[in-house]
Amino acid sequence: MNKTLILAFACATAWPAAAFAQSGGKITIAENFPPRAGFALETDDANVLSKAGCLEPLTRIDFDGKLQPSLAVSWTQVSPDTWDFKLRKGVTFQDGKPLTAAAAAASLNAVLKVPTPARAFSPRVIKSVEAVGEDTIRVTTPSPSVLTPLRLAAANAGILSPAAYKDGKIDPVGTCTGPFVITRVNGQQSLSLKRNDSYWGGKVALAEAEIKFIPDANVRATQLRTGEADVAGAVPASTLATLKKTSGVKVVTLATPRTTTLLVNVKKPPFDNEKVRQALQLALDLEGIAGSVYEGSVQPAVGPFAPHEPWVQKAAKPAAHDVKKAKALLAEAGVKPGSLELEIMAYSEKIEFKDLAAILQDQFKAAGINARIRLAEYKALEPDMIAGRYDVALLSRSHLVDVADPAGFLSSDYGCGGGFNLTQHCDKDFDARLATAAAETDAEKRYAVYGELAQQLQSKAVNVFVIHEAGNDGYKTKVRNYRIHPLYQYTLTKDLAVD
Amino acid sequence: MWHFALRRGTVLLLTLLLVSIVAFLIPYIGEGDPALLVLRARIADPNVDQTTLEAMRHHLGLDRPLAVQYFAWLGDALRGDFGLSFIRRAPVADMLGGALLVSITLALSALLIALLVSAPLGTLAAMRPGGRADTAATLLTQTLIAVPEYWMAPMGILIFALWLGWLPSAGWDGPSSLVLPALVLALRPLAYFTRIIRAAMIDVLDAPYITAARSRGLGLRQTVLRHGLRNGAMPVITLFALWLAGLLGGSVVVEVIFAIPGMGRLIYEAVINKDIPVLQAGFVAIVALAVVINTLVDLAYLAINPALRHSHGA
Amino acid sequence: MALEAALPDAALPSRSPQAPRRPRFARPHWTLVAGALLLVLVAVTLCLGPTLAPYDPTAQTLIRRLKPPSEAHWLGTDHLGRDVLSRLLVGGHFAVIIAAVTLTLSAVFGTLIGVISARRGGLVDEIAMRSVDLLISFPEVVVAIFLIALLGPGYGTLILALTVVGWTPFARLARGLAIEINAKPYIRAAEILGCSRRFIILRHIIPNAIGPISAMAFLRFGHKMITVGGLSYIGLGIQPPHADWAAMMAEAQPYIERAPLLVVCPGLAIFLTALSVTWIGQGLSQTGDKP
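Residue numbers (numbering that gives the first Met the number 0), protein chains in the order written: chain A, 0 to 498; chain B, 0 to 313; chain C, 0 to 290.
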């Protein structure tokens with residue numbers, strides 16, 4: 000009798016405990032960028048879906064920056080310009096349809112063939128995608144490349160079920176493969192998700208999630224403090240001190256491969272004169288900037304790459320702050336003091352840019368340069384920046400964005416004809432050295448070349464590199480297993496949990 | 000009555016037409032080629048070749064005469080098609096609809112709060128002009144008129160969201176998001192409503208028919224309610240309508256502070272980002288609504304009180 | 000009273016004939032005096048601000064940011080190391096000047112239209128009042144934002160935007176007053192004597208209208224100033240690096256808990272300025288009433 004009672008009692012308590020352990024809880028995340036283009040995968044909306052734990056590509060960059068299998072289990076280079084990816088078996092889309100080579104190829108071709116393809120996945124870098132048999136995807140590039148598996152890790156190359164593509168629009172509700180299923184899209188305000196019970200990667204810890212889109216970084220930080228959000232992405236440096244003191248809240252910082260850069264339009268006089276650009280560089284007090292707007296949470300820039308990265312020369316150091324020399328250089332270049340007028344473009348998505356632009360304006364004034372500020376959303380400024388219709392512009396640029404090797408960045412941003420060469424820099428010698436590096440199989444040697452090229456950019460002041468950024472996210476202590484992804488590609492993962 | 004309605008109606012239509020013409024001309028007034036603007040916004044390519052530009056110009060119908068373009072635009076607009084936003088790939092009409100609903104909810108809530116507080120306050124002040132209640136009410140209204148909403152809003156967030164945690168600090172999900180912004184927006188109309196109700200009530204209470212009613216034995220409260228309300232209602236209704244129209248776009252600062260997806264914020268973002276289709280549609284929508292609301296109110300109380308028709312100027 | 004004049008005649012509460020006549024030069028209301036004193040203080044600050052300011056309001060010293068009040072900086076420094084007191088002393092120009100110019104232009108233009116419309120009557124009156132009926136309902140903030148989109152932010156744009164809509168309540172008030180005065184016997188006498196229409200307008204109508212018109216202008220000043228400040232707050236007003244009270248409040252928002260003075264001081268400045276002018280308007284309209 001007693002044994003039965005004990006057993007019954009044990010079962011009675013174990014069952015709700017098990018049920019609770021299975022429930023998983025709900026998390027609310029305050030994010031920056033809302034889906035603006037109807038989830039078109041060739042836009043940044045692909046990243047929104049990826050961070051939401053919905054969209055998955057064939058390969059992925061993990062939280063340590065290493066390439067890992069995702070929907071593809073293995074890949075081989077069958078010829079210098081062709082790679083075969085073997086799909087994982089047994090994966091189903093959230094609507095129940097199986098992941099086949101045909102479905103994957105259809106997805107990739109859809110995003111490849113749009114009128115305005117993504118920079119990371121466009122006909123410029125990918126020639127063709129085709130299904131070979133039931134479970135192989137063959138990807139061909141216009142020229143031989145070792146970077147193809149890295150390219151397939153981009154969010155733009157995410158795979159959706161055929162049911163997602165309806166009359167030229169994308170429906171991500173129930174058509175992804177990831178650990179979370181979108182249940183509701185509330186315009187640009189929020190996204191509601193629930194656990195994917197048939198996720199190929201195993202058990203998903205959280206039961207529900209809500210992502211709130213709040214473009215104002217200060218409001219995100221406030222929501223963390225009031226409890227309206229459990230996680231706040233990209234909190235401003237000015238809130239770090241307060242957040243660290245708040246009980247129940249933790250702040251995690253990650254040195255990201257991003258450098259805040261003041262792009263200079265080197266084709267527009269007088270910025271085509273190296274002395275003028277160097278004067279701009281010398282006019283800035285990078286230490287002061289790092290200490291004020293960023294409250295000491297970042298380092299002054301030594302070039303496009305940060306000191307801790309493997310492709311930076313040991314001797315690299317930040318540009319000096321010398322207003323006298325700046326004025327002298329301007330005089331040498333034939334610019335009369337007070338006569339140089341320029342417009343600083345800054346986009347509002349980066350909350351520090353507003354103050355940064357004000358500081359630049361003030362520091363330029365000390366060197367006799369009069370600056371105006373134009374503050375707007377990135378999408379509004381991008382056309383002018385791309386068309387070369389600007390003087391100087393602030394840009395937060397990751398050098399590992401399209402592909403996890405800085406060669407991609409150096410060629411797209413500084414190579415003649417590069418896809419994102421906003422500064423309009425063109426130097427045949429630079430391109431030649433970069434090409435030899437790309438063919439070099441020895442990583443050490445390759446990195447050395449990158450280091451030299453970076454140093455050249457810094458000393459010639461092609462752009463003015465301001466600071467190396469750090470990502471700061473805040474989260475409640477009840478949140479478990481939260482990490483910042485180095486490329487900001489994943490937030491909701493199967494291991495993310497709340498107590 | 001109908002004569003008046005016809006006159007007002009005609010002028011209303013003329014104004015809307017004028018507003019639509021102004022809105023239509025925006026891309027042509029500023030510098031730059033509208034076809035280039037659209038092209039730049041859709042295709043992020045440094046080199047815009049002439050053939051693409053010409054094709055875009057033809058596609059947008061920009062090679063037709065201006066008047067033809069205007070009527071085509073007007074036709075589309077009347078059917079609810081305002082084109083696509085430059086910054087987002089969504090149809091402007093959808094963006095507008097959602098934002099309008101939000102702003103109307105916010106404005107109505109704020110004004111109702113204002114009315115509910117100002118009615119008793121104003122009446123109380125009117126019953127004894129110069130008395131304690133009156134002085135208090137006057138001081139309150141003067142203070143409220145002078146306090147900016149961009150002071151009250153952050154204060155409200157600090158106190159009610161951060162320190163007390165009673166209300167959400169931002170966003171628009173659920174009724175609790177309405178409370179703080181509506182309260183902040185209600186403060187200035189409260190001041191104006193109180194003053195006008197007080198003035199109306201003073202005159203009403205002085206009027207001979209009130210004395211007559213009271214001499215017939217009706218109590219003060221009954222008198223006020225039965226006669227005073229009807230007379231005092233009219234200036235309040237007009238002011239209410241004026242404020243409602245004004246708040247539809249004028250609540251922009253509160254909407255920005257509280258991250259509320261309303262009309263004000265929509266137009267504000269359209270200005271910053273040079274999102275012309277949204278700017279055009281937003282301008283037309285808000286002005287049209289404002290004018291329609293006020294015309295309707297004018298017509299309504301003229302219908303209510305025929306005696307006033309004759310005293311209405313000219 | 001001035002406020003009610005913003006409404007169409009039909010909406011005015013009917014005045015009972017027993018309402019007492021107001022004496023002309025009675026003892027000024029206390030609000031008038033208090034308001035005037037405060038306004039003088041504000042005006043002095045605005046005019047002498049640039050000379051009184053201890054530091055250049057736009058000079059940044061990044062090392063000394065967010066410092067509390069001290070000997071060197073009486074009100075502390077802001078997040079870019081600029082002296083708060085100096086910025087406060089020059090920060091009122093934008094909003095105050097725009098509000099003042101707008102209201103003056105609106106009052107003058109509106110009064111002229113209203114008075115002429117009342118004297119002439121007929122079609123002129125009809126057209127003028129219909130325009131007023133419609134323009135008065137335009138939301139001025141939206142018109143301002145729209146013009147800023149076309150012409151860029153700045154003094155001229157805002158003055159234009161706010162005047163285009165702002166003259167209408169003055170026209171209504173002036174017309175109402177003119178009609179009231181027109182009915183007076185001495186106007187009839189003047190007409191019979193052969194005085195020209197312009198003479199009657201200038202000599203009789205306008206002097207009698209000035210009181211309520213100026214009261215209305217003063218009463219609307221606070222609202223205008225705060226509206227302009229609102230536009231500055233969201234970045235559509237004066238551009239950096241110039242100081243502006245509302246813009247200062249917006250920039251200091253993230254630091255409100257660390258350095259509350261950065262938000263409180265400009266807010267107080269706006270409040271006191273608006274209050275002083277409102278008091279003057281209140282006093283003007285109540286002068287002669289029982290205190």
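Where is the CB? At the ideal position from N, CA and C, for every residue including glycine.
Selection C:Arg219, C:Val107, C:Arg86 and C:Val262 evaluated against Ser275 of chain C yields C:Arg219 as nearest (Cα-Cα).
Contact note: Asn272 of chain B does not reach chain C at a C-beta cutoff of 8 Å; the least C-beta distance is about 10 Å. For the set C:Leu65, C:Leu84 and C:Gly80, the Cα lying nearest the Cα of Leu74 of chain C is the one of C:Leu84. If you ignore the 5 residues before and after Pro167 of chain B, its C-beta comes within less than 6 Å of the C-beta of Ser175 and Ser176, all in its own chain and listed in chain order.
In the three-state DSSP reduction, Val234 of chain A falls in the coil class, being neither helix nor strand.
Boundaries of the beta strand (DSSP E) around Thr252 of chain A: Val248 to Val263. Between the alpha carbons of Asp94 of chain A and Ser160 of chain A lies a gap of roughly 8 Å. Contact between Val297 of chain A and Ala289 of chain A holds: CB atoms are separated by about 5 Å, below the 8 Å threshold.
Annotation: Gln488 of chain A to Leu267 of chain C spans about 45 Å, alpha carbon to alpha carbon. At a beta-carbon threshold of 9 Å, none of the residues of chain B lie near Asp430 of chain A; the nearest stands roughly 18 Å away.
Assigned with DSSP and collapsed to three states, Ala52 of chain C falls in coil, not helix or strand.
Identification of chain A residues near Leu61 of chain C by a Cβ-Cβ cut-off of 8 Å yields Asp284, Gly287, Ile288, Gly290, Ser291 and Ile358, ordered along the chain. For Ile466 of chain A, DSSP records a beta bridge to A:Thr259 and A:Pro299. Cα atoms of Thr115 of chain A and Asp428 of chain A: separation of roughly 31 Å, rounded to the nearest angstrom.
Comparing alpha-carbon positions, the option among A:Ser191, A:Ala282 and A:Pro122 lying closest to Ile210 of chain A turns out to be A:Ser191. Interface annotation for the segment 232-260 of chain A against chain C: Pro235, Ser237, Thr238, Ala240 and Thr241, criterion Cβ-Cβ distance under 9 Å.
Put simply, the CB of Thr57 of chain C is near chain A, with a gap under 8 Å to one of its CB atoms. Under the DSSP definition of a beta bridge, Gly121 of chain C lacks any partner. Residue-level contact by beta carbon holds for Ile372 of chain A and chain C, with a gap shorter than 8 Å. Of the candidates A:Gln457, A:Gly473 and A:Lys50, the residue whose Cα lies closest to the Cα of Glu227 of chain A is A:Gly473. Chain C has a Cβ within less than 8 Å of the Cβ of Trp150 of chain B. For Thr104 of chain B, the nearest beta carbon of chain C is not closer than 8 Å to its own beta carbon. Straight-line spacing of the CA atoms in Ile256 of chain B and Gly96 of chain B works out to 21 Å.
Per the DSSP secondary-structure output, Trp74 of chain A pairs in a beta bridge with A:Phe84. In this structure, the CA atom of Ser338 of chain A is about 17 Å from the CA atom of Lys323 of chain A. Chain C places no beta carbon closer than 8 Å to that of Phe23 of chain B, leaving this residue out of the contacts. If you keep only unbroken alpha helix (DSSP H) runs of at least 4 residues inside the segment 146-184 of chain B, you get 148-155. Across the structure, Gly450 of chain A and Ala314 of chain A are spaced so that their CA atoms are roughly 10 Å apart. For Thr27 of chain A, the uninterrupted beta strand (DSSP E) segment begins and ends at Lys25 to Glu30. Contact annotation: in the segment 159-171 of chain B, residues whose CB is within less than 8 Å of a CB in chain A are Ala160, Leu161, Gly164, Pro167, Ser168, Ala169, Gly170 and Trp171. Annotated three-state conformation of Ile97 of chain C is helix, per DSSP.
The beta carbon of Ala240 of chain B sits closer than 7 Å to the beta carbons of Ile292, Asn293 and Val296 from its chain, once the five residues preceding and following it are set aside; these are given in chain order.
Listed in chain order, the alpha helix (DSSP H) runs fully inside the segment 358-423 of chain A are 377-385 and 405-413, counting runs of at least 4 residues. Burial state of Lys353 of chain A is buried, judged by a 10 Å Cβ sphere holding 16 or more other Cβ atoms.
Within 9 Å of the CB of Arg257 of chain C, no CB atom of chain B is found; the nearest one sits about 12 Å away. For chain A, the residues of the segment 253-277 of chain B that bring a beta carbon within less than 7 Å of one of its beta carbons are Ala258, Pro260, Ile271, Asn272 and Lys273, in chain order.
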